[in-house]
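K.L.:
2 protein chains.
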Amino acid sequence: MDGDDAEGAADMAKESLPRPRTAGRPPTIHEVARLAGVSHQTVSRFLRDDPTMRPDTTRRVARAVAELGYRPNLAARTMRTRRSNRIAVILPRSTERMPTRMLSGAAAAAHEAGYRLDVVSLEGDAAERAAHLESLLQPESTDGILSFTSLGTNAGDPAPSDFPVPIVIDGVYDDQMRSLGVFADASMAADMLRHLADLGHRRFIHVTGHPDWASARDRRAVYEATIAELGLESVAVVEGDWSTKSGWDAATRVIAGSGATAVFAASDHVAFGVILGLQSLGIQVPRDVSVFGWDDDEVGRYFRPRLTTISVDRERQGRQAVRQLLALLRGESLQVRPVGAADLNRIILRDSTGPAPRPTA
Amino acid sequence: MDGDDAEGAADMAKESLPRPRTAGRPPTIHEVARLAGVSHQTVSRFLRDDPTMRPDTTRRVARAVAELGYRPNLAARTMRTRRSNRIAVILPRSTERMPTRMLSGAAAAAHEAGYRLDVVSLEGDAAERAAHLESLLQPESTDGILSFTSLGTNAGDPAPSDFPVPIVIDGVYDDQMRSLGVFADASMAADMLRHLADLGHRRFIHVTGHPDWASARDRRAVYEATIAELGLESVAVVEGDWSTKSGWDAATRVIAGSGATAVFAASDHVAFGVILGLQSLGIQVPRDVSVFGWDDDEVGRYFRPRLTTISVDRERQGRQAVRQLLALLRGESLQVRPVGAADLNRIILRDSTGPAPRPTA
DNA sequence: AGCCCTTGTGTGATCGATCACCTGAGCTTA
DNA sequence: TAAGCTCAGGTGATCGATCACACAAGGGCT
Chain A
1 MDGDDAEGAA
11 DMAKESLPRP
21 RTAGRPPTIH
31 EVARLAGVSH
41 QTVSRFLRDD
51 PTMRPDTTRR
61 VARAVAELGY
71 RPNLAARTMR
81 TRRSNRIAVI
91 LPRSTERMPT
101 RMLSGAAAAA
111 HEAGYRLDVV
121 SLEGDAAERA
131 AHLESLLQPE
141 STDGILSFTS
151 LGTNAGDPAP
161 SDFPVPIVID
171 GVYDDQMRSL
181 GVFADASMAA
191 DMLRHLADLG
201 HRRFIHVTGH
211 PDWASARDRR
221 AVYEATIAEL
231 GLESVAVVEG
241 DWSTKSGWDA
251 ATRVIAGSGA
261 TAVFAASDHV
271 AFGVILGLQS
281 LGIQVPRDVS
291 VFGWDDDEVG
301 RYFRPRLTTI
311 SVDRERQGRQ
321 AVRQLLALLR
331 GESLQVRPVG
341 AADLNRIILR
351 DSTGPAPRPT
361 A
Chain B
1 MDGDDAEGAA
11 DMAKESLPRP
21 RTAGRPPTIH
31 EVARLAGVSH
41 QTVSRFLRDD
51 PTMRPDTTRR
61 VARAVAELGY
71 RPNLAARTMR
81 TRRSNRIAVI
91 LPRSTERMPT
101 RMLSGAAAAA
111 HEAGYRLDVV
121 SLEGDAAERA
131 AHLESLLQPE
141 STDGILSFTS
151 LGTNAGDPAP
161 SDFPVPIVID
171 GVYDDQMRSL
181 GVFADASMAA
191 DMLRHLADLG
201 HRRFIHVTGH
211 PDWASARDRR
221 AVYEATIAEL
231 GLESVAVVEG
241 DWSTKSGWDA
251 ATRVIAGSGA
261 TAVFAASDHV
271 AFGVILGLQS
281 LGIQVPRDVS
291 VFGWDDDEVG
301 RYFRPRLTTI
311 SVDRERQGRQ
321 AVRQLLALLR
331 GESLQVRPVG
341 AADLNRIILR
351 DSTGPAPRPT
361 A
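Chains as they are written, first to last, in the numbering used here: chain A, 1 to 361; chain B, 1 to 361.
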């Protein structure tokens, strides 16, 4: 980095130039411009894909960019444009683990669009959370917010509608909880319920996920709609919170003795709780009750009985959520094709579901 | 953008000022300076906690800052200082779920120090990953990197030592895999092994986590050291990858029939695999073999047998990792008190461990 | 008193990209 | 042929905070 070590024949012709770059610093548009023989403004146009440029000029700039290994300084860009090119991901509280691949997918989609993903955790009570959120919401600081749970203090609350930046919840709702692609995520539940109905099941119970989560609400809505559509009976909808405990409690307090023969658990962890709770009472799965979960958690493959579940393409779900948000940012219509169920989700039949038991009459 | 719509009574008193602020824009140090009756530079000093300021001046500036709700523009600061105030968190590949609270803790610690946390996923093959990493490593873009797995292409590889930014792996290693606080995280394993030895166990097996992870290597090292220290026998160390499958495979291929009576599984998920695998062969836990895991996964509380494990303060672990990195960034010595085992981790005895079986001989 | 040093604050330049506006070449049209 | 238009690209200001340096006030020392 000590001075100007010409690193290619291209430089030689320009030896009259007064120091190609400041020592050790990454190249700027000015150096690119000098090398390409254009003005810095033309380089800026190039970076913005300005269509009015002559192809010839474009090529020269592109070569200079490549040769110098130029990368735009995002801070400078942010300062001038007053857009941060950042998306904040709000971590869910009260959830022990989150899918890594969903974050990966979101990060990848963001990077491809020139955005970066900030992790933010909202801690403390409602007031602290609101204050923290507000500090994020300076458009200087964040262009948009991606969350997987509702941001309000109460479950199901819509986010305040006067937020200065767009917010997407779980890729499914916008900041006012208007659905963007109705029930796209949960539609596989309908197929599963139909399958169980074909196996003779008539009386169902659903143990929900945490109601703050859009996906939990979706699954419940699809459950209720499908039960109605197929003329089945919903013995109960038990409000859970994604926890194994909520599954266990549902099993021991509600499901056992209810007459239900099939249980839709909002997640595999809930399903584990349901099955273990039923087993603790001597109720066998699937002989007496069929249970299925959601997530294709690896433990389910080795569990006894092996768990019937729905696998989810987390990576793609994350990407899609970011795409929805980016579309909102650009002010585009949100008619992005909703996440196709067949693309994302897949039913995995294992041993925790089976034919409905014969009525012992 | 059409002029200056005065937006509140507070502005009225200052009508003599030549445009308190440009309409709709957040306040800058200049406005703060004007309100406080000092120069913008003094405000800057205030923001940097310059000790040479007179208390009186400090107070005036503080009041102005509070009154205007001033917040520094991070992009401008970044541009001038050439430090991004960002920490990149590299998501582990090949791990399904990661602890949310660890991220929360890391994000909180970063925010408190004026940093933000970027999520980055390195995708693709080794070359692509390296290229992506390199693009992150412009100091303009990222001040430091926090990872939980090694960044090299091969397991256990140290990261290239010429990285231009500090890297901390799991809060335990720096970029050259020099240990920062030896075995701090895993030390609880020693107590657990001692406990099992007290119960009569002599022959142990360890199923490791993925060797890319510092925590997996630490746990293994502590296992081996403790076995030696207590004069016990390690029948085998089975290389796993945190997966339930690796636990199942270890159980069915190595543990069964090995004569070992106690198994240290690197995580609860591995432990589930071990137990389910043993059970599938008719081996009972803990009657024939004791098994303990690590993480205090909620499912373990309801599992049969209820899983003995070690609970981890994820939140604090995340904070600590960031603090280590920040210390590196400031060039401080890393003699931050290593994460005290007693603070972070706690042994939780449940039903999957018990006295060693009597030799049937 | 006069000098120097310390302490506290102000002035102007700077970081790199973009924006608003300007210039000049080439072409069309009256 | 001159006015008018379009197309390509250049000039200088700008975003907000920090840095280097200058300067003023006050205190201690000879």
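The beta-carbon is built from N, C-alpha and C at its ideal position, and this holds for glycine as well.
Can you pull the chain A residues whose beta carbon is under 7 Å from the beta carbon of residue 31 (chain B), in chain order?
P.N.:
Ordered by position in chain A, no residue passes the 7 Å Cβ test against residue 31 (chain B), which lies about 15 Å from the chain.
K.L.:
The alpha helix (DSSP H) spanning residue 275 (chain A) covers which residue range?
P.N.:
Per DSSP, residue 275 (chain A) belongs to the alpha helix (DSSP H) from 268 to 280.
K.L.:
Cβ of residue 269 (chain B) less than 8 Å from any chain A Cβ?
P.N.:
It does: the Cβ of residue 269 (chain B) has a partner Cβ on chain A nearer than 8 Å.
K.L.:
Using a Cβ-Cβ cutoff of 7 Å, what residues of the region 94 to 121 of chain A are near chain B? List them in chain order.
P.N.:
Answer set for the region 94 to 121 of chain A: 95, 96, 97, 98, 99, 100, 103, 104, 107, 108, 116, 117, 118, 119, 120 and 121.
K.L.:
Does the beta-carbon of residue 146 (chain B) have 16 or more other beta-carbons within 10 angstroms, so that it is buried, or is it exposed?
P.N.:
By the neighbour-count rule (16 or more Cβ atoms within 10 Å), residue 146 (chain B) is buried.
K.L.:
Buried or exposed for residue 150 (chain B), please, with buried defined as at least 16 other CB atoms from any protein chain shown within 10 angstroms of its CB.
P.N.:
Answer is buried; the Cβ neighbour count reaches 16.
K.L.:
Mark residue 356 (chain A) as exposed unless 16 or more other C-beta atoms lie within 10 angstroms of its C-beta, in which case mark it buried.
P.N.:
By the neighbour-count rule (16 or more Cβ atoms within 10 Å), residue 356 (chain A) is buried.
K.L.:
Does DSSP classify residue 118 (chain B) as helix, strand or coil?
P.N.:
It is a strand residue.
K.L.:
What span of residues does the beta strand (DSSP E) with residue 91 (chain A) cover, start to end?
P.N.:
Counting along the chain, the beta strand (DSSP E) containing residue 91 (chain A) begins and ends at 86 to 91.
K.L.:
Any beta carbon of chain B sitting closer than 8 Å to that of residue 55 (chain A)?
P.N.:
No, residue 55 (chain A) lies away from the interface with chain B (no Cβ there is under 8 Å from its Cβ).
K.L.:
Note down, in chain order, all residues in the region 253 to 283 of chain A with a beta-carbon under 7 Å from any beta-carbon belonging to chain B.
P.N.:
Within the region 253 to 283 of chain A, the qualifying residues are 269, 272, 273 and 276.
K.L.:
Inspect the beta-carbon positions of residue 222 (chain B) and residue 189 (chain B) and report whether they are closer than 8 Å.
P.N.:
Yes, they are a contact pair.
K.L.:
Which residues in the same chain have their Cβ closer than 7 Å to the Cβ of residue 311 (chain A), if we skip the five residues on either side of it in sequence?
P.N.:
So the qualifying residues of the chain are 296, 345, 346 and 348.
K.L.:
Look up residue 358 (chain A) in the DSSP assignment and say whether it is helix, strand or coil.
P.N.:
Correct three-state label for residue 358 (chain A): coil.
K.L.:
Using 8 Å as the threshold, is the C-beta distance between residue 110 (chain A) and residue 322 (chain A) below it?
P.N.:
Yes.
K.L.:
DSSP has residue 98 (chain B) in a bridge; who is on the other side?
P.N.:
A:98.
K.L.:
Could you please give the first and the last residue of the uninterrupted beta strand (DSSP E) stretch that includes residue 346 (chain B)?
P.N.:
Here the beta strand (DSSP E) through residue 346 (chain B) covers 345 to 348.
K.L.:
Under 8 Å, Cβ to Cβ, is there at least one residue of chain A near residue 92 (chain B)?
P.N.:
Yes, residue 92 (chain B) counts as interfacial toward chain A.
K.L.:
Determine the closest residue to residue 244 (chain B) out of B:277, B:47 and B:201, with distance taken between C-alpha atoms.
P.N.:
Here the closest residue by C-alpha is B:277.
K.L.:
Taking only the alpha-carbon atoms, compute the straight-line gap between residue 298 (chain A) and residue 270 (chain B) and give it to the nearest angstrom.
P.N.:
If you take the alpha carbons of residue 298 (chain A) and residue 270 (chain B), they lie about 10 Å apart.
K.L.:
Report the CB separation of residue 119 (chain A) from residue 165 (chain A) in whole angstroms; it is logged as a contact under 8 Å.
P.N.:
That pair is no contact at about 17 Å.
K.L.:
Identify which residue in B:330, B:293 and B:49 has its Cα closest to the Cα of residue 219 (chain B).
P.N.:
Checking every option, the nearest Cα to that of residue 219 (chain B) belongs to B:293.
K.L.:
Comparing C-alpha positions only, which one of B:286, B:241 and B:91 sits nearest to residue 351 (chain B)?
P.N.:
The shortest C-alpha separation from residue 351 (chain B) is found at B:286.
K.L.:
Since residue 300 (chain B) is in the alpha helix (DSSP H), which residue starts that stretch and which ends it?
P.N.:
Residue 300 (chain B) -> alpha helix (DSSP H) spans 299 to 302.
K.L.:
Could you please tell me which residues of the region 63 to 79 of chain A, in chain order, have their CB closer than 8 Å to any CB of chain B?
P.N.:
Flagged, chain order: 71, 73, 74, 75, 76, 78 and 79.
K.L.:
Cβ atoms of residue 241 (chain A) and residue 200 (chain A): under 8 Å apart, would you say?
P.N.:
It is not a contact, given that the beta carbons lie outside the stated cut-off.
K.L.:
Quick one: using the 10 Å Cβ neighbour count with 16 as the cut-off for buried, is residue 74 (chain A) buried or exposed?
P.N.:
With 16 or more Cβ atoms within 10 Å of its Cβ, residue 74 (chain A) is classed as buried.
K.L.:
Taking its Cβ as the centre, do 16 or more other Cβ atoms sit within 10 Å of residue 231 (chain A), making it buried, or is it exposed?
P.N.:
Residue 231 (chain A) should be labelled exposed.
K.L.:
Does the beta carbon of residue 39 (chain B) sit closer than 8 Å to a beta carbon anywhere in chain A?
P.N.:
Judged by the 8 Å Cβ criterion, residue 39 (chain B) is not in contact with chain A.
K.L.:
State the DSSP-derived secondary structure class of residue 258 (chain A), mapped to helix, strand or coil.
P.N.:
Three-state DSSP puts residue 258 (chain A) in coil, outside helix and strand.
K.L.:
Quick check on residue 316 (chain B) - is its C-beta less than 8 Å from some C-beta in chain A?
P.N.:
No, no contact with chain A.
K.L.:
Please report the Cβ distance between residue 72 (chain A) and residue 47 (chain A), rounded to the nearest whole angstrom; I am assuming they are in contact, meaning their Cβ atoms lie under 8 Å.
P.N.:
Sure, about 6 Å apart at Cβ, within 8 Å.
K.L.:
Strictly by DSSP, which residues pair up with residue 309 (chain B)?
P.N.:
Its beta-bridge partners are B:348.
K.L.:
Consider the Cβ of residue 298 (chain A): report whether some Cβ of chain B lies at a distance smaller than 8 Å.
P.N.:
Interface residue, yes.
K.L.:
Less than 8 Å separating the beta-carbons of residue 144 (chain A) and residue 316 (chain A)?
P.N.:
No.
K.L.:
Helix, strand or coil for residue 283 (chain A) per DSSP?
P.N.:
Coil, per DSSP.
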